[in-house]
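In what follows, a structure is listed as structure tokens, so that the remarks can point back to it.
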Amino acid sequence: MPTPTHELRIDVAPFTVRLNLHGDLAFFLRSEARGRSVERSLSEKTSVKDVIEACGIPHPEIDLIVVNEQPVDFNHAIASDADIELYPVGALPPEYKYKSLQIATVNRFVADGHLGRLARDLRLLGFDVAYDPQAADRQLLHVMERENRALLTRDRRLLMHAVVRTGYCPRSQNAVEQTIEVICRFDLAASISPFTRCLRCNAPLRKVSKAEVIEKLEPLTKIYYEEFRRCTGCGQIYWAGSHFSKLQKRLEQIRARCTTAYSDK
Ligand SMILES: [Zn+2]
8 MPTPTHELRI
18 DVAPFTVRLN
28 LHGDLAFFLR
38 SEARGRSVER
48 SLSEKTSVKD
58 VIEACGIPHP
68 EIDLIVVNEQ
78 PVDFNHAIAS
88 DADIELYPVG
98 ALPPEYKYKS
108 LQIATVNRFV
118 ADGHLGRLAR
128 DLRLLGFDVA
138 YDPQAADRQL
148 LHVMERENRA
158 LLTRDRRLLM
168 HAVVRTGYCP
178 RSQNAVEQTI
188 EVICRFDLAA
198 SISPFTRCLR
208 CNAPLRKVSK
218 AEVIEKLEPL
228 TKIYYEEFRR
238 CTGCGQIYWA
248 GSHFSKLQKR
258 LEQIRARCTT
268 AYSDK
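For the sequence shown, my numbering begins at 8 and goes up steadily by one.
Set out below in structure tokens:
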């Protein structure tokens with residue numbers, strides 16, 4: 008009797024799956040295939056997660072999977088013809104609102120090295136964002152797991168990693184747009200708390216009296232400003248200086264857009 012040398016594979020008759028994409032999920036398809044649906048031919052039993060990711064859509068982007076009219080989870084195996092409806096966060100039909108696969112609200116993040124401006128904008132709004140421009144993928148995943156953070160990256164392969172529980176791929180390449188996307192995706196509009204976190208190191212800021220910091224201030228700052236905050240991590244001192252009105256303007260722009268995005272939903 009021959010000794011089996013390969014893992015046992017259960018082959019089945021070839022079958023076809025059709026994936027229907029809802030919301031903005033078509034963003035993940037190659038541009039020439041950007042329709043609302045994709046067809047795939049398969050010849051072995053495959054998890055729905057693998058079917059979805061083979062089309063280029065990372066699993067953290069999927070909030071609801073409906074196979075032949077039944078909601079399923081990522082491990083559901085497909086072995087015959089199937090119609091698969093895929094929904095991103097924020098686009099669930101009301102009858103399935105309790106079948107959500109993703110965590111809707113997260114307020115701690117780790118951003119990959121290409122998202123420095125997004126990390127800074129989120130910190131400006133008061134959100135906790137771990138960011139190290141030198142961090143390798145392995146380190147990002149480690150920080151994500153150890154500190155229970157959602158992963159922000161435009162690297163779809165990284166987002167497809169099996170250990171990623173919660174994450175998001177910003178669609179836009181513009182930092183302001185990305186910030187608005189993240190606030191909408193994770194339902195953060197009500198938690199915005201500007202100028203409470205250090206833009207340099209992510210630690211919280213604490214209000215300090217002028218007397219506590221006066222020795223470190225430039226002569227003109229000593230004269231013109233009365234209110235100060237100091238970073239509890241790196242000691243950086245913040246006040247409403249000339250850069251402040253620029254930041255304030257950026258913040259107002261983000262806030263206004265988030266409100267609009269919400270009323271459009
Ligand atoms: Zn700091």
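We put the CB at the ideal spot given by N, CA and C, even for glycine. Just so it is clear, the structure is predicted and the values come from calculations on it, not from any experiment.
Asked	Found
For glutamate 225, does the three-state DSSP call read helix, strand or coil?	coil
Evaluate contact between the segment 203-216 and the segment 235-245, counting only Cβ atoms and requiring at least three cross-stretch pairs below 8 Å.	yes
Would you tell me roughly how many angstroms separate the C-alpha atoms of isoleucine 295 and leucine 71, rounded to the nearest one?	Nothing about residue 295 can be read from this structure; the chain reaches only from 8 to 272.
Let me know the secondary structure DSSP gives tyrosine 232 once reduced to three states.	coil
Please name the residue, chosen from Arg25, Lys256 and Thr160, that lies closest to alanine 89 on a Cα-to-Cα basis.	Arg25
Looking at glycine 174 and tyrosine 94, is the spacing between their C-beta atoms short of 8 Å?	no
Check the DSSP bridge columns for phenylalanine 116 and list the partner residues they point to.	Val136 and Ala157
In the DSSP assignment, find the beta strand (DSSP E) that holds aspartate 90 and state where it starts and stops.	89-94
Near ligand 1, which residues have their beta-carbon less than 6 Å from any of its heavy atoms, given in chain order?	Cys205, Arg207, Cys208, Ala210, Cys238, Gly240, Cys241 and Gln243
Between isoleucine 187 and arginine 264, which are expected to be in contact by the criterion C-beta below 8 Å, what is the C-beta distance as a whole number of angstroms?	5 Å
Where isoleucine 230 and arginine 236 are concerned, what is the direct C-alpha to C-alpha distance, given to the nearest angstrom?	16 Å
Helix, strand or coil: which one does DSSP assign to serine 216?	coil
Check whether the segment 92-106 and the segment 150-163 are in contact - that is, three or more C-beta pairs closer than 8 Å.	no
Using CA coordinates, which residue listed in Ala143, Asp135 and Ala142 is at the minimum distance from asparagine 155?	Asp135
So leucine 71 is in the beta strand (DSSP E); what residue range does that whole segment cover?	71-74
Going by DSSP, name the residue or residues bridged to tyrosine 175.	Leu159
Comparing C-alpha positions only, which one of His250, Val58 and His83 sits nearest to threonine 23?	Val58
Could you give the distance in angstroms between the alpha-carbon of glutamate 51 and the alpha-carbon of serine 87?	9 Å
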